[in-house]
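Trainee: Taken in order, these protein sequences are the chains called Y and V.
Going by our numbering, the residue at position 446 of the first sequence is 446; the numbering climbs one at a time, nothing skipped.
For our numbering, count along the second sequence from 1 and bump the result up by 1000.
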Amino acid sequence: MAGNNGGKRKGLRVVGKPLIKIDAKAKCIGELKFADDLVLPRMLHTRLLRSSVPHARIVNIDVSQAKAYPGVHAVLLGTDLPTPYGALPVSEDEHPLAIGKVRMVGDPVAAIAAVDEDVATEALDLIHVEYEPLPVVTSIQDAYDMAEPRIHDYGELGNIHRRQVYEFGSVDAGFAEADYVREDITFYEGSTHLALEQHASLAQFSHDGKLTLWTSTQDMHYLHRHLAKVLQMPASHIRVIATPNGGGFGGKCDPFNHEIVVCKLAMVTGRPVKICLNREEVFYCHRGRHPVLMSTKTGYKKDGSITAMHHRTILDGGAYGGHGVASTFYTGILQPTTYKLPNYRFEAVRVFTNKAPCGPKRGHGTPQPRWAQEIQMDRIADHLGLDPAELRKQYAVPQNSITANWIRIGTLALGQCIDKVVAGSGWKDKFRKLPYGKGIGIACSAYMTGTQTPIYYNKLPHSGVQLKLDRSGGVCVFCGSAEIGQGSDSILAYIVAEVLGIDPFDIRVVTGDTDLTPVDLGSYSSRVTLMTGNAAIEAAERARHMLREAVSAKLEVPGDRLTFADRRVFDSENPDKGVSFVDAVCLAEEKYGTLGTTGSYKPPAAPGKYKGSTIGPSPAFSCTASVAEVEVNPETGIVVVPRVWIAHDIGQAINPLLAIGQIEGCVYMGLGEALMEEMTYRGNRNLVHKFPSFLEYKSPTTLEMCDVITYLIEEPDANGPFGAKEVGQGPQLPVPPAIANAVYDAVGVRIDEIPITPDKVLKAIRAKAKGQEGRYGPTAFPTCPMPPATVVPTPFQGGDGKAIEREPAVSRK
Amino acid sequence: MKQAGKSGKSKLEKAHLRLQVNGEEVEVAFAPHKTLLEVLREDLGLTGTKHGCELGECGCCAVLVDGRPVLSCLALGVAMEGHEITTVEGMATATGLHPLQQAFAELGAAQCGYCTPGILLTAKALLENTARPSRDKIKEALAGNLCRCTGYIKILEAVELAAARMAGEKAEPAKETVYGWE
Chain Y
1 MAGNNGGKRK
11 GLRVVGKPLI
21 KIDAKAKCIG
31 ELKFADDLVL
41 PRMLHTRLLR
51 SSVPHARIVN
61 IDVSQAKAYP
71 GVHAVLLGTD
81 LPTPYGALPV
91 SEDEHPLAIG
101 KVRMVGDPVA
111 AIAAVDEDVA
121 TEALDLIHVE
131 YEPLPVVTSI
141 QDAYDMAEPR
151 IHDYGELGNI
161 HRRQVYEFGS
171 VDAGFAEADY
181 VREDITFYEG
191 STHLALEQHA
201 SLAQFSHDGK
211 LTLWTSTQDM
221 HYLHRHLAKV
231 LQMPASHIRV
241 IATPNGGGFG
251 GKCDPFNHEI
261 VVCKLAMVTG
271 RPVKICLNRE
281 EVFYCHRGRH
291 PVLMSTKTGY
301 KKDGSITAMH
311 HRTILDGGAY
321 GGHGVASTFY
331 TGILQPTTYK
341 LPNYRFEAVR
351 VFTNKAPCGP
361 KRGHGTPQPR
371 WAQEIQMDRI
381 ADHLGLDPAE
391 LRKQYAVPQN
401 SITANWIRIG
411 TLALGQCIDK
421 VVAGSGWKDK
431 FRKLPYGKGI
441 GIACSAYMTG
451 TQTPIYYNKL
461 PHSGVQLKLD
471 RSGGVCVFCG
481 SAEIGQGSDS
491 ILAYIVAEVL
501 GIDPFDIRVV
511 TGDTDLTPVD
521 LGSYSSRVTL
531 MTGNAAIEAA
541 ERARHMLREA
551 VSAKLEVPGD
561 RLTFADRRVF
571 DSENPDKGVS
581 FVDAVCLAEE
591 KYGTLGTTGS
601 YKPPAAPGKY
611 KGSTIGPSPA
621 FSCTASVAEV
631 EVNPETGIVV
641 VPRVWIAHDI
651 GQAINPLLAI
661 GQIEGCVYMG
671 LGEALMEEMT
681 YRGNRNLVHK
691 FPSFLEYKSP
701 TTLEMCDVIT
711 YLIEEPDANG
721 PFGAKEVGQG
731 PQLPVPPAIA
741 NAVYDAVGVR
751 IDEIPITPDK
761 VLKAIRAKAK
771 GQEGRYGPTA
781 FPTCPMPPAT
791 VVPTPFQGGD
801 GKAIEREPAV
811 SRK
Chain V
1001 MKQAGKSGKS
1011 KLEKAHLRLQ
1021 VNGEEVEVAF
1031 APHKTLLEVL
1041 REDLGLTGTK
1051 HGCELGECGC
1061 CAVLVDGRPV
1071 LSCLALGVAM
1081 EGHEITTVEG
1091 MATATGLHPL
1101 QQAFAELGAA
1111 QCGYCTPGIL
1121 LTAKALLENT
1131 ARPSRDKIKE
1141 ALAGNLCRCT
1151 GYIKILEAVE
1161 LAAARMAGEK
1171 AEPAKETVYG
1181 WE
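Below you can see the structure in the form of structure tokens.
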């Protein structure tokens, strides 16, 4: 059953309906408490002294004056928290406060807890730090050229953090088979999440030795583990409460230095300690989109089919590892999930620079390579005289297939998505037919619904749900997920209500509290609805089974004839014969004693068996097609996007209203990245952020935002709860390349660098007018020594998912 | 360096005044340099008013002063004597939500909900001056309120829905708004 079913899928009463979110009213009346809204008696306030230099040894820190300042209760230094940590086990390269050296402007050096923020701020000025400057690594090229000084004393070579080389099948054979081979070099600038809520945390240490941290985090479970490690206390004595996030987008996934610092300060002072970062500090926290330079070399035949791709990426990682190793994989590993790709070679390098660290932002590492391939597809179609929409449809990855790099694809209705946006936008009447200055472009994508592998190796469930039912008829759902605005709390209520035949508002949802809720890995990788949803279904079905047995005995009706709906449990053959839901719970409590059930979810194993094959596989893949219409002013270079059409295969919308909201948000964020958002630094070697403020870091307002025509395609996937797949990230991917392709349609120039700012458009138009190539973008791709490839025969070659041993690969300089 | 010894002072320095907040008169004492945002959140416990920058750039902290949207991070608390202040806590009544709040909740116009209070109050001021504003007029009125979640679309649709209802129409959301296009 595909296509928008208007919420009328057979047998569903709650799922598929555009219901109000369970926390919507609390958000609209100002009742919901975010982290900075929390106040505890005797609470102290923290400010961090941050480095003003990008790379230096710390020769001396004098805190004597600050310590003596009236109102100051404690001053912390790096040596007070000596254990390193980091989001990934392979790159634990951070300390809560710098020890011995600073690696970027904004690195915290000392922390002050004081009676109020003003006093803490005043005392910061009384700390005297003596720095011995070190040479600064400003760019990818610097990192390649400067082996010394190293920003970190680990990594592969000099300032090269990570190199990854994989070959699936044989690209040489694929290129030999091709009619044409083309290489495009493209650049996707970094951008930041810009969540409106500034990160905030509040810690309390009680006299029984237990620590509680309220914090705006997307990944409470991982943070819990990091706190135990760095604070050197048992995790069972630490309680982390994820407050509702005022926007996340990946920016609140990493464990943050300030979160650890307030915990330590609470322990040192014996008083609750709070911190709220200011906006400039949030810019330096970053962990946003990596700037990525890409070379995409593709062999294709006259019919447009792709025979091979050699895709190379270099990521400017900034000063720390963070999630960067995963980001590096993601700049290539999902490339084969959208169009058929029989042979694929992927080489990636991540470098350290003295800038704010990059990490996961919506789409985590995948918008950049998707952009590269989608603008190249447009060129290939142009070269062959094919319709780029038709070309994409013809070579879309088929459903129920395995890609060259051993990623299993379930449902994937990309063809239907393309049909929808082509028909809706009037594509065939517009493409290459609009007057000069107006244009239309298309791009597509596929995206994972959660990763198959957790961040640290374990065989435990990825998500757990507990259900409590009692004689009041009340049902309470407990789950460790973090509500970041996407509606994850509501999804739990809808799913449990669907299974138990009650109203979502009959249910209380408790999430994001390590003391109260079973582990869920957090709000990242578009995993939440699928994983918590499946766990919730299991817990609710177990509860329904108990209720059914009890009611069946009471009514003397066979259990399989009982229906749960409208807050009743009744005989489906004689609906008048039944009991209320409350009575059903009482009967079950009488029969079984105190009622509680659990459910858990773990993704299925992936078919790949090579080292690195755990990154990329997912229980289910969504896909998206997008058409953008643009108006380009050839005199000013200003690009305006009036409208975007977007069709997304979500499997089953648990709530179509919320799904559309996610898609509109994705279009918005894609529009911002395409046209204006840039995380850039001043043009000297001081590496101070160019514009760490809302005013100057340009993001779309109501006036720049386009109209969005959204189509929900519902091709249920067997692995999703009620068939549901992701919607929070994937729909962003095709938006920037659709806009770039539309700019070409409008004015005949290729802008191969994000963001597409007016100066770049003008330069390309002027170059074209002079008879030069009508293009703006990078022209060179630097190289560094690469290790031999991990070579993996593809499923098409009859491989078994394992890598083969081969003689050391020829260096591809 | 700022003047040291601030907290070692012996003289009492707080300003002591009466403010009109959400139709109630409140007596409050606070340091005179505090912004209206800080007074509302820290001294009156009205944490519904949010902050995203404290520099007047994001619109999160917008409240109404005498019915006009004001960025409370740029207004001084001591300058508010004699003015009527409305925060998001003052929009709903015991009997129900303001039509804007109802429409925002119905359409999912509050995703994370952080920008929502500032936007609701800015929209309230708009609708009190212009009964049925055009889409362009709403965009213009809300251009100073950033939202990173929604792409503004559900927000604009919710303001239109509320405007229609406040004008006495029995308006319901369009099918495309809640289910997508066919």
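Even glycine gets a Cβ: it sits at the ideal position worked out from N, Cα and C.
Kindly list the residues whose CB is nearer than 8 angstroms to the CB of leucine 1097/V, restricted to its own chain and excluding five residues on each side of it in sequence; keep chain order.
Mentor: Excluding sequence neighbours, leucine 1097/V sits near Met1091 and Ala1105.
Trainee: For isoleucine 484/Y and alanine 540/Y, which I take to be in contact (beta-carbon distance under 8 angstroms), what is that distance rounded to the nearest angstrom?
Mentor: About 23 angstroms separates the two Cβ atoms, so there is no contact after all.
Trainee: Quick one: list the residues of chain V neighbouring isoleucine 29/Y, beta-carbon separation under 8 angstroms, in chain order.
Mentor: By Cβ distance, chain V contributes Gly1048, Val1088, Glu1089, Met1091, Ala1092, Leu1097 and Gln1101.
Trainee: Using CA coordinates, which residue listed in Pro70/Y, Asp107/Y, Ile99/Y and Tyr144/Y is at the minimum distance from alanine 113/Y?
Mentor: For the residues Pro70/Y, Asp107/Y, Ile99/Y and Tyr144/Y, the minimum Cα distance to alanine 113/Y belongs to Pro70/Y.
Trainee: Using a Cβ-Cβ cutoff of less than 6 angstroms, which residues in the same chain neighbour isoleucine 638/Y once the five nearest sequence positions on both sides are dropped?
Mentor: Correct list, in chain order: Pro758.
Trainee: Contact criterion: CB-CB distance below 8 angstroms. Does serine 811/Y meet it with respect to chain V?
Mentor: Low per-residue confidence applies at serine 811/Y: pLDDT is 49, beneath 50, and the placement is therefore not dependable, though the value from the model is reported in the following sentence. Taking Cβ atoms only, chain V never reaches closer than 8 angstroms to serine 811/Y, which makes this a no.
Trainee: Chain Y beta carbons: is any one of them nearer than 8 angstroms to that of lysine 1014/V?
Mentor: No, lysine 1014/V does not count as interfacial toward chain Y.
Trainee: Please report the Cβ distance between proline 607/Y and tryptophan 427/Y, rounded to the nearest whole angstrom; I am assuming they are in contact, meaning their Cβ atoms lie under 8 angstroms.
Mentor: About 36 angstroms separates the two Cβ atoms, so there is no contact after all.
Trainee: Please name the residue or residues paired with arginine 50/Y in a DSSP beta bridge.
Mentor: The partner list for arginine 50/Y (beta bridge, DSSP) reads Pro108/Y.
Trainee: Can you list the residues of chain V that aspartate 37/Y reaches, using a CB-CB cut of under 7 angstroms?
Mentor: Near aspartate 37/Y (Cβ distances below 7 angstroms), the residues of chain V are Thr1047.
Trainee: So, does the CB of arginine 1165/V fall closer than 8 angstroms to a CB anywhere in chain Y?
Mentor: For arginine 1165/V, the answer is no, since every Cβ of chain Y falls outside 8 angstroms of its Cβ.
Trainee: If we require 3 or more residues per run, which beta strand (DSSP E) segments fall completely within the region 422-460 of chain Y?
Mentor: For the region 422-460 of chain Y, whole beta strand (DSSP E) runs of length 3 or above, ordered along the chain, are 438-448.
Trainee: Inspect the beta-carbon positions of proline 54/Y and valine 136/Y and report whether they are closer than 8 angstroms.
Mentor: Yes, the Cβ-Cβ distance between proline 54/Y and valine 136/Y is below 8 angstroms.
Trainee: Would you check if the region 149-162 of chain Y and the region 289-300 of chain Y touch, i.e. whether three or more CB-CB distances between them fall below 8 angstroms?
Mentor: Judged by Cβ distances under 8 angstroms, the region 289-300 of chain Y makes no contact with the region 149-162 of chain Y, as fewer than three pairs qualify.
Trainee: Does any residue of chain V bring its CB to less than 8 angstroms from the CB of methionine 294/Y?
Mentor: Taking Cβ atoms only, chain V never reaches closer than 8 angstroms to methionine 294/Y, which makes this a no.
Trainee: Between the C-alpha atoms of proline 367/Y and leucine 547/Y, what's the straight-line distance to the nearest angstrom?
Mentor: Computed Cα separation, rounded: 47 angstroms.
Trainee: List the residues of chain Y that proline 1117/V touches, going by C-beta distances under 8 angstroms, in chain order.
Mentor: Here the neighbours are Gly30.
Trainee: Indicate whether at least one CB of chain Y lies closer than 8 angstroms to the CB of lysine 1137/V.
Mentor: Not one chain Y Cβ lies under 8 angstroms of lysine 1137/V.
Trainee: Quick check: is the beta carbon of glycine 1108/V nearer than 8 angstroms to any beta carbon in chain C?
Mentor: Here chain C cannot be found, since the structure's protein chains are Y and V.
Trainee: Using a Cβ-Cβ cut-off of less than 7 angstroms, list which residues of the region 500-521 of chain Y approach chain V; keep chain order.
Mentor: Result list empty, no residue passes.
Trainee: Taking Cβ-Cβ distances shorter than 7 angstroms, what residues in chain V pair up with serine 699/Y?
Mentor: Simply Leu1146.
Trainee: Does glycine 814/Y come out as helix, strand or coil in the three-state DSSP assignment?
Mentor: Here chain Y comprises residues numbered 1 to 813, so residue 814/Y is not present and cannot be evaluated.
Trainee: Run through DSSP, which three-state label would valine 268/Y get?
Mentor: The answer is helix: DSSP assigns valine 268/Y an H, G or I state.
Trainee: Can you tell me whether lysine 264/Y is buried or exposed, with buried defined as 16 or more other CB within 10 angstroms of its CB?
Mentor: It counts as buried.
Trainee: For tyrosine 610/Y, which option in Val791/Y, Arg103/Y and Asp649/Y has the closest C-alpha, if you only look at C-alpha atoms?
Mentor: Selected option, being the one with the closest Cα: Val791/Y.
Trainee: What residues of chain Y sit near valine 1178/V, judged by a beta carbon separation below 7 angstroms?
Mentor: The contacting residues are Pro18, Pro656 and Leu657.
Trainee: Starting from proline 736/Y, trace the alpha helix (DSSP H) both ways and give me its first and last residue.
Mentor: Unbroken alpha helix (DSSP H) run through proline 736/Y: 735-747.
Trainee: Output, in chain order, the set of chain Y residues within a Cβ distance shorter than 8 angstroms of alanine 1143/V.
Mentor: Chain Y residues near alanine 1143/V: Thr701, Thr702 and Leu703.
Trainee: For proline 721/Y, list the residues DSSP reports as bridge partners.
Mentor: According to DSSP, which records beta bridges pairwise, proline 721/Y is partnered with nothing at all.
Trainee: Among Thr597/Y, Asp745/Y and Ser523/Y, which one has its Cα closest to the Cα of tyrosine 222/Y?
Mentor: Considering only alpha carbons, the answer is Ser523/Y.
Trainee: Spell out a yes or no on whether the region 613-622 of chain Y and the region 717-733 of chain Y are touching, meaning 3 or more CB-CB pairs, one atom from each, closer than 8 angstroms.
Mentor: Enough Cβ pairs lie closer than 8 angstroms, so yes.
Trainee: Examine chain Y for any beta-carbon lying closer than 8 angstroms to the beta-carbon of cysteine 1073/V, and answer yes or no.
Mentor: No, no contact with chain Y.
Trainee: So what does DSSP say about serine 327/Y, is it helix, strand or coil?
Mentor: In the structure shown, serine 327/Y sits in a helix (DSSP, three-state: H, G or I).
Trainee: When the Cα atoms are used, what is the spatial distance from glycine 1155/V to arginine 57/Y?
Mentor: Before going further, note that residue 1155/V is isoleucine rather than glycine in the sequence given. Going by the C-alpha atoms only, they are around 49 angstroms apart.
Trainee: So what does DSSP say about methionine 220/Y, is it helix, strand or coil?
Mentor: Methionine 220/Y falls in the helix class under three-state DSSP.
Trainee: Would you verify that the beta carbon of threonine 710/Y is, or is not, closer than 8 angstroms to some beta carbon of chain V?
Mentor: Output row for threonine 710/Y: interface = yes.
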